[in-house]
Each structure stands twice: as C-alpha cells, then as structure tokens.
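Participant:
In our numbering, the protein residues as written are 5 to 273.
Structure below.
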C-alpha cells in the first residue's frame with residue numbers, strides 16, 4: 005500500500021510538471037503584441053494550466069499523506085480538465101484551419117484579404133467597437149517601427165518575409181501602386197486604385213493602414229499562426245497528461261486492491 009501511494013504521489017508530481025508548458029503557452033501568447041491587444045486565448049490557457057497544477061497538487065497531497073477523498077477528487081477533476089484541454093485543442097484547430105495569404109507580384113511576403121478568413125476569429129476582431137480598441141492598441145506597438153529600422157531600401161524590403169500583421173497594417177496593399185520611400189512611408193499614385201484600403205492608407209505613423217481590411221486580415225492570420233504554434237505544445241501536453249492520468253488510475257486501483265487483500269487477510273487470520 006505504501007509503495008502504491010508513493011507511486012501515485014510520483015505520478016501526480018509529473019502531472020504538476022505538465023502544467024508548466026500549459027501556463028508557458030498562455031504567458032508566451034500574452035507577450036505577443038497582437039494577442040495582448042485582442043486578449044482572447046491567453047487567459048483561458050493560463051487558467052487551465054493553473055487549475056491542472058492545483059488539482060495535481062491535491063492528488064499529490066492525497067497520495068503522500070493518504071487522504072482518500074483528495075485522491076478521488078484528483079481523479080474526477082483531472083478527467084474533467086483533460087476533457088476541457090482536449091476541447092480547447094480542437095477549438096484552436098477549428099478556428100485557425102481556414103485562410104491563407106497571397107503572394108504579391110515582385111514581393112517575397114504575402115498579403116492578406118479579410119474575405120479569406122471566415123468564422124469565429126474574424127468575428128472577434130471585425131466589429132467596429134472591437135476594432136477601434138484593437139487598432140489603437142496595435143498602433144502603440146513597435147511592430148511597424150521595426151520595419152523602418154530593419155529595411156532601408158525598396159528591394160531589401162520587397163525581398164523580406166515580413167509577418168502577416170506587418171504586411172497588413174504597416175504598408176498599403178501592393179495593388180494600390182504606391183511608390184516606396186520607406187516601409188511605412190509611400191508616395192501616392194496619380195490615379196488611386198478603387199480598393200477602399202488604398203484610400204484608407206495614410207503616412208501618418210499613428211494611422212498607416214490600421215483601419216484597412218488588410219490589417220484585420222493580417223491580424224487574424226498572425227493570431228492563427230501563433231495559436232497553431234501554441235496548439236502543438238498543448239497537444240503534446242494533453243497526450244502526456246492522458247498517459248499520466250491512466251497510470252494514476254491504474255496505481256489507484258492497484259492500491260485499493262492491495263488494501264482489500266490486506267483486510268481480507270486480517271479478517272481470515
């Protein structure tokens with residue numbers, strides 16, 4: 005019985021360690037400029053990680069100090085958390101699976117259109133009230149200013165593989181026909197294109213293309229890219245948690261079997 009309890013305590017300690025990558029994903033998302041402006045995924049992920057840690061700690065205490073009700077709580081609560089994490093993994097995949105960028109002629113980077121990104125994530129950023137708050141936050145970041153420090157010539161910029169957010173928000177769409185001065189300053193053509201984004205572009209560094217549909221599309225694409233990276237970590241952690249939970253259930257059942265056997269022997273003799 006003591007050996008089984010020690011094994012269960014060790015398994016729960018591993019479960020406690022597995023909460024670290026979950027929390028780390030949430031913290032990493034919170035440090036990304038676009039995610040910090042939208043604030044959709046990071047806090048739910050951090051919350052799940054913290055609860056996994058607390059539940060695993062309860063299981064560890066229950067096994068180490070032999071508190072049966074804590075062990076039972078651990079088994080039930082961890083099952084719920086595994087199902088919740090699995091749902092979160094599937095949800096992230098579902099909302100990021102659609103949409104892709106388009107290569108612009110003569111450019112190494114891609115450009116993005118909002119109509120290519122249907123679904124939940126687009127709805128979370130598209131509304132006027134939401135977008136006014138988001139674009140104000142985006143304009144306060146260094147995402148566009150970094151381009152001016154990095155790329156000093158037109159060809160250098162056109163050959164760069166800039167991210168979706170910078171492509172959509174920091175420059176006018178290529179089809180507008182603007183002439184490059186620096187990555188965030190462009191000369192307007194004599195006859196402007198009919199695309200509304202071409203008219204929304206401004207060389208004002210606080211305006212740029214933050215009101216453009218291309219900026220919304222770039223944000224959605226950038227969020228999707230980062231969420232997918234986080235989802236890979238969550239999938240690996242989920243699989244590890246399932247294995248650890250299965251081992252815990254087996255050890256708990258074995259401990260109960262040994263306890264019943266000991267009681268039977270004591271009663272027999």
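We put the beta carbon where it would ideally sit given N, CA and C, even for glycine.
Secondary structure at residue 74, three-state DSSP: helix, strand or coil?
Facilitator: Taking the chain shown and counting its residues from 1, one reaches residue 74 at position 70. Residue 74 falls in the helix class under three-state DSSP.
Participant: Under 8 Å Cβ to Cβ from residue 255, same chain only, skipping five residues before and after it: list those, please.
Facilitator: For this step, residue 255 is matched to residue 251 along the chain shown. Closer than 8 Å at the Cβ level, and outside the excluded window around residue 255, lie 8, 11, 12 and 15.
Participant: Grouping DSSP H, G and I as helix and E and B as strand, with all else coil, what is residue 166?
Facilitator: Numbered from 1 along the chain shown, position 162 holds the residue referred to as residue 166. DSSP places residue 166 in coil when its eight states are reduced to three.
Participant: Could you give the distance in angstroms between the alpha-carbon of residue 33 and the alpha-carbon of residue 193?
Facilitator: Here residue 33 refers to the residue found at position 29 of the chain shown. Here residue 193 refers to the residue found at position 189 of the chain shown. Distance between the alpha carbons of residue 33 and residue 193: 39 Å.
Participant: Note down the Cα distance separating residue 147 from residue 135, rounded to an integer number of angstroms.
Facilitator: By 1-based counting over the chain shown, the position of residue 147 is 143. By 1-based counting over the chain shown, the position of residue 135 is 131. For residue 147 and residue 135, the distance between alpha carbons rounds to 17 Å.
Participant: Short of 6 Å in beta carbon distance, which residues of its chain neighbour residue 141, apart from the five on each side in sequence? Order them along the chain.
Facilitator: Within the chain shown, residue 141 is the residue found at index 137, counting from 1. 41.
Participant: Over what stretch of residues does the alpha helix (DSSP H) that includes residue 102 continue unbroken?
Facilitator: Here residue 102 refers to the residue found at position 98 of the chain shown. No alpha helix (DSSP H) contains residue 102, which DSSP labels as neither H nor E.
Participant: Please report the residue range of the alpha helix (DSSP H) in which residue 135 lies.
Facilitator: Working through the chain shown from its first residue, we reach residue 135 at position 131. Per DSSP, residue 135 belongs to the alpha helix (DSSP H) from 132-143.
Participant: So what does DSSP say about residue 190, is it helix, strand or coil?
Facilitator: Reading the chain shown from its first residue, position 186 is the one you call residue 190. Note: residue 190 maps to strand in three-state DSSP.
Participant: Where does residue 19 fall in DSSP's three states?
Facilitator: Locating residue 19 in the chain shown gives position 15, where the first residue counts as 1. Note: residue 19 maps to helix in three-state DSSP.
Participant: Determine the burial state of residue 127: buried for a count of at least 16 other Cβ atoms within 10 Å of its Cβ, exposed for fewer.
Facilitator: For the purposes of this step, residue 127 is identified with residue 123 of the chain shown, where counting begins at 1. Result: exposed.
Participant: Should the segment 168-175 be regarded as contacting the segment 114-123, the criterion being three or more beta carbon pairs within less than 8 Å?
Facilitator: With a cut-off of 8 Å, the segment 114-123 and the segment 168-175 count as touching, because enough Cβ pairs lie within range.
Participant: For residue 19, collect the residues of the same chain with a Cβ closer than 6 Å to its Cβ; drop the 5 residues on either side in sequence, then sort them by chain order.
Facilitator: Reading the chain shown from its first residue, position 15 is the one you call residue 19. Excluding residues within five positions, the ones whose Cβ falls inside 6 Å are 60 and 248.
Participant: Would you give the residue range spanned by the alpha helix (DSSP H) that residue 36 belongs to?
Facilitator: For this step, residue 36 is matched to residue 32 along the chain shown. No alpha helix (DSSP H) holds residue 36; DSSP gives it neither H nor E.
Participant: How far does the alpha helix (DSSP H) with residue 201 in it extend, from its first residue to its last?
Facilitator: Working through the chain shown from its first residue, we reach residue 201 at position 197. Residues 200-204.
Participant: Any chance the segment 52-71 sits against the segment 80-99, with 3 or more Cβ pairs inside 8 Å?
Facilitator: These segments touch.
Participant: Whole angstroms are fine: how far does the CA of residue 241 sit from the CA of residue 54?
Facilitator: The residue you call residue 54 lines up with position 50 of the chain shown. The residue you call residue 241 lines up with position 237 of the chain shown. Going from the Cα of residue 54 to the Cα of residue 241 covers about 14 Å.
Participant: Helix, strand or coil, according to DSSP, for residue 241 in the structure here?
Facilitator: Reading the chain shown from its first residue, position 237 is the one you call residue 241. Residue 241: helix per DSSP, three-state reduction.
Participant: Which residues bound the alpha helix (DSSP H) around residue 286?
Facilitator: Nothing about residue 286 can be read from this structure; the chain reaches only from 5 to 273.
Participant: Residues in its own chain within less than 7 Å of residue 183 by CB, not counting five upstream and five downstream?
Facilitator: As a working note, residue 183 is residue 179 in the chain shown. 190 and 191, listed in sequence order.
Participant: Taking the alpha helix (DSSP H) that residue 48 belongs to, which residues open and close that run?
Facilitator: Here residue 48 refers to the residue found at position 44 when the chain shown is read from its first residue. Segment 46-68, the alpha helix (DSSP H) holding residue 48.
Participant: Specify whether the segment 148-161 and the segment 225-245 touch according to this definition: at least 3 beta carbon pairs, one from each stretch, less than 8 Å apart.
Facilitator: They do not touch, by the three-pair rule.
Participant: Please report how far the alpha carbon of residue 203 lies from the alpha carbon of residue 245, in whole angstroms.
Facilitator: As a first step, residue 203 must be located in the chain shown, where it is residue number 199. As a first step, residue 245 must be located in the chain shown, where it is residue number 241. When rounded, the distance between both Cα atoms is 52 Å.
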